[in-house]
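*Asks:* Here it is: the structure, laid out below.
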Amino acid sequence: MLQQKSKGFFVMLALLGLINSIWGSTLLLLINNKVTNTPLPFVDQYDWQIYTVLIVLSFVTSRYFQSYMIRLTYDLGNDLGLSIFDKLRFTNYEEYQKLGDEKVRTAVADVTTLQRFPQAFIESFNAVVMVAIGVIYLFYINLPGAALITGILGVLATLYYFRNMAVHQDMTTVRDLANIYQQNMNDFLRGFREIKMSRDRSDNIFEHISVNRGRAKDLTVKTLIRHMGNELMGSYVWYLMIGIILFMLPALLHAGQVVSSSFIVTLLYLMGPMSIIITEIREFTLMHIAVTRLEEFDKVVSASRTIELGHGNDPRADVGFQSIRFDNVTYEYYDEIRAETFRLLPLNLEIRKGETIFITGGNGSGKSTFIHLLTGLYMPKSGHIYFNDECITPQTYPWYRDQLVAIHTDHCLFTENYDDFELNRNNARLMELLNKMRLTDIVTFNEQKNVIKATLSKGQQKRLALIYALMEEKEIIILDEWAAEQDPVFRAFFYKVLVPEMKAMGKTVIAVTHDDAYFDYAERVLRFDYGRVQSDVRQPAMAV
């Protein structure tokens with residue numbers, strides 16, 4: 001990812017490694033020679049000048065590379081975050097429903113974790129270069145002593161590795177618990193009204209959240225304590241090494257004072273870089289989990305057949321809406337073990353321009369499935385849908401969806417004006433609609449942001465949604481249980497006035513409703529039952 005983001009990343013890394021190698025080795029040699037009072041070859045009289053130049057060179061280099069990595073880090077994080085939403089907006093709606101928004105939230109959190117990788121990587125890379133130089137210098141000073149020291153360090157590093165693997169497993173479990181927690185939190189926030197209606201439900205959902213957070217807390221504390229133990233081990237191992245140098249090397253290898261002093265100075269020099277490496281291991285563990293999860297998330301999202309299509313292609317000719325035809329269209333739902341739970345039987349019907357159609361039926365009868373197929377959110381498992389006698393293909397589905405406007409039962413009113421409507425009092429059409437929907441004195445305008453602000457009831461939200469739908473000026477309008485939250489007076493107003501007015505505008509109105517008292521205001525009533533159209537009654541609409 002870093003190489004793709006910055007083509008010269010590895011060149012820059014190699015340059016940094018070269019400069020750090022020169023800086024580290026020369027500085028180490030200079031310090032040790034001064035401590036042991038050994039003159040530097042060739043340049044002994046310029047030692048303080050060399051030391052000053054090295055510090056300045058290191059400072060300038062570090063500042064340049066740190067700035068480079070900061071820019072690269074946030075560019076990478078920004079691109080990763082945007083890529084999630086860029087793919088999601090082209091993902092098939094059915095596949096998004098299976099994915100669940102809790103996984104989207106945790107994927108965004110993973111991006112935040114991964115955003116620190118470039119900075120952590122460059123710090124660790126610098127530290128590794130310095131440690132490598134120090135180890136090489138130990139072998140240069142005294143081969144047997146260096147072999148003993150590196151052997152002990154190797155054993156401790158192996159122990160550290162296996163301890164960290166256990167930490168990795170626990171942190172992966174914590175990450176899985178985060179997914180479940182997001183799901184519980186979504187249930188709590190979206191179903192707050194239902195939670196308030198049942199003490200048992202309230203207690204049970206809180207119990208789920210408590211158990212989840214308790215287990216996550218216990219595992220997090222456990223991993224932090226293990227990490228703390230690893231870091232302490234990494235810190236105190238240096239005191240062990242110094243003890244070995246002070247007491248064992250002279251006895252075992254008959255090392256002199258100069259060798260012992262050089263070893264101690266080198267180890268003290270390496271304590272800083274090694275502490276960086278040990279500290280960053282926990283970060284890299286978190287990043288490894290984040291990368292693994294992001295790859296899994298990306299694999300699921302990228303599997304959507306609609307990703308590559310993007311906004312698809314427009315049909316050859318756009319002559320305006322004339323008809324939508326379902327030809328032997330079927331759809332099936334399956335549970336997690338691929339057992340069929342519902343089937344929409346072969347559906348054959350045609351919707352013609354200017355019709356007013358009411359759709360009714362019991363729960364589970366197929367109404368919602370039909371609406372999702374009609375709006376293009378679902379694609380048929382078999383059969384075809386025709387728009388103006390032209391078959392809708394995966395390539396033209398994005399265009400097809402753009403020809404309709406729909407207000408669903410759980411319709412979302414956005415906080416921002418993503419449709420770029422002119423939302424101010426100078427918009428005569430808007431003011432007319434607000435007055436018709438009896439919202440004029442309820443909403444307020446934020447003209448600076450070009451948005452409408454209001455605290456609305458569910459029914460009033462549906463009215464505002466209908467205003468926005470009419471402002472889209474599309475020929476087909478689909479309303480799913482729109483009148484269900486309206487008061488009796490406005491419900492009657494909807495059927496007796498608004499529906500005929502929309503028809504007079506040239507709209508094709510398709511409304512899901514159970515208000516059989518107003519069926520006479522439709523030209524056609526479709527009744528669904530057990531996944532099929534039980535009846536399709538055509539009638540003259542009642543005059544206003």
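Heads up: the sequence shown begins at 1 in UniProt numbering, then just goes up one per residue.
C-beta: ideal position from N, C-alpha, C; glycine also.
Can you tell me which residues form a DSSP beta bridge with K453?
*Replies:* The partner list for K453 (beta bridge, DSSP) reads T444.
*Asks:* Thinking C-alpha only, which one of Q448, D101, Y386, M437 is nearest N186?
*Replies:* Nearest C-alpha to N186: D101.
*Asks:* Rounded to the nearest angstrom, what separates A406 and H168 at their Cα positions?
*Replies:* Straight-line Cα distance between these residues: approximately 47 angstroms.
*Asks:* Assuming Q448 and G312 make a contact with CB atoms under 8 angstroms, what is their CB distance in whole Å?
*Replies:* Actually they are not in contact, since the Cβ atoms of Q448 and G312 sit about 36 angstroms apart, beyond 8 angstroms.
*Asks:* Count the other C-beta atoms from every protein chain shown that fall within 10 angstroms of the C-beta of residue 545, then say buried if there are 16 or more, exposed otherwise.
*Replies:* Nothing can be reported for residue 545: it is not among the residues displayed for the chain, which extend from 1 to 544.
*Asks:* Between the beta-carbon of I141 and the beta-carbon of S302, is there less than 8 angstroms?
*Replies:* No, these two residues do not count as a Cβ contact at 8 angstroms.
*Asks:* What is the C-beta distance between F528 and G361, in whole angstroms, given that I count them as a contact (C-beta under 8 angstroms)?
*Replies:* About 3 angstroms separates the two Cβ atoms, so the contact holds.
*Asks:* Taking a contact to mean a Cβ-Cβ separation below 8 angstroms, would you say V512 touches V525 in this structure?
*Replies:* Their beta carbons are not under 8 angstroms apart, which means V512 does not touch V525 by this criterion.
*Asks:* If contacts are defined as beta-carbon pairs under 8 angstroms, then E355 and T508 qualify, I think. What distance do you get, rounded to the angstrom?
*Replies:* So it is a contact: roughly 6 angstroms between Cβ atoms.
*Asks:* Let me check one thing: in DSSP terms, what residues is I385 bridge-paired to?
*Replies:* DSSP output for I385 lists F326 as bridge partner(s).
*Asks:* Would you call the CB atoms of N92 and S382 closer than 8 angstroms?
*Replies:* For N92 and S382, no; Cβs fall outside 8 angstroms.
*Asks:* Is F370 helix, strand or coil by DSSP?
*Replies:* Here F370 sits in helix by DSSP.
*Asks:* Quick check on K503: buried or exposed, where buried means 16 or more other Cβ atoms within 10 Å of its Cβ?
*Replies:* With 16 or more other Cβ atoms within 10 Å, it is buried.
*Asks:* Rounded to whole angstroms, what's the CA-CA distance from Y468 to L286? Just pull it up for me.
*Replies:* Near 44 angstroms, if we compare the C-alpha coordinates of L286 and Y468.
*Asks:* Drop a sphere of 10 angstroms on the beta-carbon of N230, count the other beta-carbons inside from all chains shown, and report buried for 16 or more, exposed for fewer.
*Replies:* That one is buried.
*Asks:* Can you say whether Q257 is buried or exposed, counting buried as having 16 or more other CB atoms within 10 angstroms of its CB?
*Replies:* The residue is exposed, with fewer than 16 neighbouring Cβ atoms inside 10 Å.
*Asks:* Please check the pair V111 and G77, which I expect to be a contact at CB under 8 angstroms, by giving their CB distance rounded to whole angstroms.
*Replies:* The Cβ separation is near 6 angstroms, so the contact holds.
*Asks:* When you compare only the Cα positions, how much space is there between A14 and T223?
*Replies:* For A14 and T223, the distance between alpha carbons rounds to 35 angstroms.
*Asks:* Suppose you measure from the CA of I307 to the CA of A107; what does that come to, to the nearest Å?
*Replies:* Cα to Cα, the separation comes out at about 18 angstroms.
*Asks:* So, P273 versus V135, is the Cβ gap smaller than 8 angstroms?
*Replies:* Cβ atoms of P273 and V135: not closer than 8 angstroms.
*Asks:* Could you name the residues of the same chain whose beta carbon sits closer than 7 angstroms to that of K474, not counting the 5 residues immediately before and after it, in chain order?
*Replies:* Result list for K474: Q403, L404, V405, in chain order.
*Asks:* Which whole-angstrom value describes the C-beta separation of D480 and H408, a residue pair presumed to lie in contact below a C-beta threshold of 8 angstroms?
*Replies:* Confirmed, about 5 angstroms.
*Asks:* Kindly give me the distance between the Cβ atoms of L177 and A216, rounded to whole angstroms, as I take these residues to be in contact under 8 angstroms.
*Replies:* With a Cβ gap of about 5 angstroms, L177 and A216 count as contacting.
*Asks:* Relative to the C-alpha of A522, which candidate in P380, I357, A454, R463 has its C-alpha closest?
*Replies:* Looking at the Cα atoms, I357 is the closest of the given residues.
*Asks:* Going by the C-beta, is P540 closer than 7 angstroms to any heavy atom of the ligand NAD?
*Replies:* By its list of ligands, the structure shown contains no ligand whatsoever, and the ligand NAD lies outside what it can speak to.
*Asks:* So, do the segment 116-132 and the segment 188-204 have three or more beta carbon pairs nearer to each other than 8 angstroms?
*Replies:* Touching, no, given that fewer than three Cβ pairs across the two stretches are closer than 8 angstroms.
*Asks:* Can you tell me the Cα-Cα spacing of E280 and T369, whole angstroms?
*Replies:* Those two C-alpha atoms are separated by around 51 angstroms.
*Asks:* Answer yes or no: does any C-beta atom of chain D fall closer than 8 angstroms to that of R352?
*Replies:* Although the question refers to chain D, the structure presented lacks it and comprises just one protein chain.
*Asks:* Once you ignore the five residues that flank E194 on each side, which residues in its own chain have a CB closer than 8 angstroms to its CB?
*Replies:* Around E194: R201.
*Asks:* In the DSSP output, what is L294 paired with across the bridge?
*Replies:* L294 pairs with nothing; no bridge assigned.
*Asks:* Whole angstroms are fine: how far does the CA of R63 sit from the CA of K458?
*Replies:* Whole-angstrom Cα-Cα distance: 56 angstroms.
*Asks:* So, with DSSP's three-state summary, where would you put I359?
*Replies:* Residue state, collapsed to three classes: strand.
*Asks:* If you follow the beta strand (DSSP E) that A406 is in, where does it begin and where does it stop?
*Replies:* Where A406 is concerned, the enclosing beta strand (DSSP E) stretches over 404-407.
*Asks:* Excluding the 5 residues flanking T220 on each side, which residues of the same chain have their C-beta closer than 7 angstroms to its C-beta?
*Replies:* V174.
*Asks:* Assuming E283 and A120 make a contact with CB atoms under 8 angstroms, what is their CB distance in whole Å?
*Replies:* Contact holds; Cβ gap of about 5 angstroms.
*Asks:* CA-CA distance, S58 and I19?
*Replies:* Cα to Cα, the separation comes out at about 8 angstroms.
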